[in-house]
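J.:
Residue numbers (the working numbering): 191 to 957.
1. Can you tell me whether DSSP reads residue 245 as helix, strand or coil?
2. Should residue 593 be labelled buried (16 or more other beta-carbon atoms within 10 Å of its own) or exposed?
3. I need the DSSP call for residue 579, collapsed to helix, strand or coil.
4. Let me know the beta strand (DSSP E) ranges lying completely inside the region 762-830, each 3 residues or longer, listed in chain order.
5. Write down the C-beta distance between residue 488 and residue 520 rounded to the nearest angstrom, noting that I regard them as a contact closer than 8 Å.
6. Helix, strand or coil: which one does DSSP assign to residue 610?
7. Just reading off the alpha helix (DSSP H) that residue 850 is part of, what are its end residues?
8. Identify which residue in 314, 845, 931, 631 has its Cα closest to the Cα of residue 292.
9. Residue 811: which of 661, 431, 821, 802 sits nearest, CA to CA?
10. For the region 345-362 and the region 416-423, state whether three or more C-beta atom pairs, one from each stretch, are separated by less than 8 Å.
11. In three-state DSSP terms, what is residue 464?
12. Do you know how far the Cα of residue 328 is from the Cα of residue 613?
13. Which residue comes first and which comes last in the alpha helix (DSSP H) that contains residue 631?
14. Just verifying my parser: in three-state terms, what is the DSSP assignment at residue 668?
15. Between residue 715 and residue 760, how many whole angstroms is the CB-CB distance? I'm expecting something under 8 Å.
16. Which first and last residues belong to the beta strand (DSSP E) in which residue 453 is found?
17. Taking all protein chains shown into account, decide if residue 722 is buried (16 or more other Cβ within 10 angstroms of its Cβ) or exposed.
18. Can you have a look at residue 536 and say buried or exposed, based on whether 16 or more other CB atoms are within 10 angstroms of its CB?
19. Residue 196: buried (16+ other C-beta within 10 angstroms of its C-beta) or exposed?
20. Whole angstroms is fine: what's the gap from residue 571's alpha carbon to residue 685's?
21. Going by alpha carbons, who is nearest to residue 452 out of 467, 427, 474, 710?
22. Among residues of its own chain, excluding the 5 on either side of residue 887, which ones have a beta-carbon nearer than 6 Å to its beta-carbon?
23. Indicate the three-state DSSP secondary structure (helix, strand or coil) for residue 392 in the structure shown.
24. Got a sec, what are the start and stop residues for the beta strand (DSSP E) residue 491 sits in?
25. Taking a contact to mean a Cβ-Cβ separation below 8 Å, would you say residue 713 touches residue 809 in this structure?
26. Can you tell me which of 676, 394, 681 puts its alpha carbon nearest to the alpha carbon of residue 661?
27. What did DSSP end up calling residue 441 once you bin it into helix, strand or coil?
28. Name the residue from 333, 411, 350 whose alpha carbon lies nearest to the alpha carbon of residue 816.
29. Tell me where the beta strand (DSSP E) around residue 593 begins and ends.
30. Curious, which full-length alpha helix (DSSP H) runs of at least 4 residues does the region 672-736 contain?
31. I'd like the span of the beta strand (DSSP E) that includes residue 841, first residue to last.
32. For residue 782 and residue 339, I'd like the C-alpha separation in whole angstroms.
33. Can you tell me which of 382, 703, 402 puts its alpha carbon nearest to the alpha carbon of residue 459?
34. For residue 351, which of helix, strand or coil comes out of DSSP?
35. Pick out whichever of 804, 893, 317 has its Cα sitting closest to the Cα of residue 851.
36. Can you have a look at residue 665 and say buried or exposed, based on whether 16 or more other CB atoms are within 10 angstroms of its CB?
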């Protein structure tokens with residue numbers, strides 16, 4: 191008979207595991223006891239449940255294998271990225287990149303290779319900041335263990351994810367204890383076969399869900415894209431929550447959640463399997479009813495022998511098996527063959543949803559799910575918190591929150607505004623929390639600068655993204671913003687910038703103070719190359735704790751650093767989605783290129799300059815008003831073209847695909863084009879002719895006439911540039927133009943030299 195624990199007991203076990211990690215973090219026992227002032231009473235009186243030491247020892251063995259016997263004395267956390275190898279046989283090298291001893295900020299998550307600090311003193315400062323940070327958890331939330339432990343989990347993440355585990359110098363203290371806590375919960379249930387269960391969830395249909403079109407899609411594209419993308423993350427989080435609660439597991443049992451996927455560790459018993467079947471059916475029915483099969487969440491499970499999680503070869507085989515299981519479930523989506531109803535009973539009597547032609551209209555010419563998508567797009571601008579409650583909770587009567595229309599898997603979702611006084615704001619929900627009507631209280635805020643600490647007193651979910659908005663009230667400058675309709679020319683502070691405005695943001699004043707430059711958007715889609723191989727083959731002596739750590743760190747670059755970097759440096763960037771291993775951005779046509787350049791350089795630094803880890807991107811320049819489905823498809827096509835470059839690690843733009851190293855060289859050539867054009871008053875017609883010559887140089891094998899590009903280049907340079915210059919300038923001009931345009935440009939890059947040329951012309955465009 192399967193043993194069952196109460197919610198209180200299971201959370202006591204989880205916290206007791208975390209507490210063992212705090213013993214490593216705290217300077218001494220006296221300091222450790224200070225946290226007791228901030229704990230729920232149920233945890234304060236039960237720090238050492240029965241047999242917890244035995245369970246933790248076994249969990250450690252499962253998570254790390256023989257590594258648990260290698261007590262590392264490293265005082266710094268070394269980068270996992272540095273020793274990932276794909277191209278050659280892995281070799282053990284002394285790590286040189288490590289993380290600063292600091293709480294999590296967008297800047298601190300980057301590894302460094304030198305620092306001159308007193309490590310003991312820095313750790314003491316970090317501990318003191320942690321104790322101070324615990325005060326920010328609302329005291330009213332101590333009455334709800336589910337909510338409080340989720341907050342505490344984030345606090346540990348923010349303050350211990352840059353400290354090393356005592357057993358592994360490249361696994362953080364947080365990732366170590368997060369992993370063994372999840373395993374310990376599974377082990378708390380007796381199992382003679384020594385098995386645990388891995389549960390993986392995967393949102394399918396993301397592209398169709400986000401980029402579906404309707405008659406009025408373009409008018410609402412900015413809000414709609416953001417709302418849909420956020421819904422994907424929200425559905426995934428709520429599906430994981432539904433599973434956790436159905437299986438009576440704490441939030442700590444979910445060890446991964448990014449890019450529409452999650453991973454939960456659970457006991458392997460009949461009760462869990464029964465609950466999984468029940469939840470999968472409920473999720474399937476919800477998606478059939480509300481998305482008509484357009485999207486859904488697959489759940490795959492894998493029974494695991496204990497040694498499979500710590501033995502490198504066995505663990506990699508396990509990952510392969512789990513991926514295969516997930517692929518198999520995709521062939522059984524929504525279990526439609528078990529449904530006797532072959533045709534959905536859908537009522538189109540009120541017409542088709544104007545935002546998604548798949549869905550019927552319910553009211554105001556929109557479906558319920560589309561109404562929520564628009565509302566989310568609006569609410570994300572001024573709200574930093576999400577409250578997950580019972581659908582019929584009294585929280586809906588509170589005028590400080592705004593709620594979504596739909597019941598999502600039985601949960602109600604409310605957005606709460608940015609609070610000036612966190613404690614006062616949280617107390618408004620104290621009674622609802624105490625009555626256990628609140629299941630989660632999530633902070634979805636984005637750091638507005640690169641040095642802002644990540645901890646705000648609430649459980650963090652990295653599911654938000656940067657959205658451009660106006661910083662003050664104003665009236666449109668007609669000179670710069672040529673394409674804004676009359677009714678949209680007035681704007682207010684914190685109002686979302688529409689794509690019409692973003693398309694004009696790269697226009698600059700010329701010498702006569704007239705704005706010039708192309709009015710256009712650039713859509714960027716990218717993802718990390720060979721990510722599956724990195725996880726399955728790249729890590730030396732791989733285990734579950736390493737994989738958990740690597741997943742979190744990969745996600746942090748896109749979900750934590752990128753939004754903060756956009757807020758500080760590229761405020762006109764619209765982040766449709768960014769997390770896990772992929773990202774989709776829309777913004778002014780030229781700024782997006784500059785952001786892409788910075789992202790590649792910063793990602794190289796983020797992965798400790800490991801040349802085996804990189805990403806590819808596709809960029810597509812369009813006018814405003816391109817239908818959303820086409821926008822998504824064009825960006826996807828451009829990315830696929832970049833992926834076809836040998837070795838990947840490439841960029842596609844203007845139908846040209848190049849390696850990142852060449853991209854940086856072409857950026858330098860663009861500066862040279864501008865310099866030479868200014869120095870020698872080079873005409874536009876001459877520079878236009880270089881486009882044709884570049885294309886001829888690309889196709890010399892197919893057309894013998896194209897081999898004459900160089901003689902034509904010399905002739906046009908002499909005729910249209912040198913003949914117009916004073917005699918004393920001609921020799922130098924000829925030397926520089928032949929070298930930059932001829933040798934380094936057309937000769938070396940051929941058709942790809944059109945990239946800097948196009949950028950030059952688009953910046954000079956007049957309206």
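Glycine included, every Cβ here is placed at the ideal spot set by N, Cα and C. Just so you know, these numbers come straight off a predicted model, no measurement behind them.
T.: So, from the listed chains and residues:
1. Helix, per DSSP.
2. buried
3. Correct three-state label for residue 579: strand.
4. 764-769, 772-778, 805-812
5. 6 Å
6. Note that residue 610 scores a pLDDT of 46, beneath 50, so its modelled location is shaky and nothing firm can be said.
7. 850-869
8. 314
9. The residue with the shortest Cα to Cα distance from residue 811 is 821.
10. Between the region 345-362 and the region 416-423, the count of C-beta pairs closer than 8 Å stays below three; the two stretches do not touch.
11. helix
12. Low confidence applies here, because residue 613 scores a pLDDT of 47, under 50, leaving its location unreliable and the question unanswered by this model.
13. Element bounds for residue 631: not the alpha helix (DSSP H) but the beta strand (DSSP E), 628-633.
14. coil
15. Actually they are not in contact, since the Cβ atoms of residue 715 and residue 760 sit about 17 Å apart, beyond 8 Å.
16. 451-457
17. exposed
18. exposed
19. exposed
20. 8 Å
21. With distances taken between CA atoms, residue 452 lies nearest to 427 out of 467, 427, 474, 710.
22. Around residue 887: 899, 936, 940.
23. Correct three-state label for residue 392: strand.
24. 486-495
25. Remark: C-beta atoms of residue 713 and residue 809 approach each other more closely than 8 Å.
26. 681
27. helix
28. Answer by Cα proximity: 411.
29. 591-593
30. 689-692
31. 840-843
32. 40 Å
33. The closest CA to that of residue 459, considering only 382, 703, 402, is found on 382.
34. coil
35. 804
36. exposed
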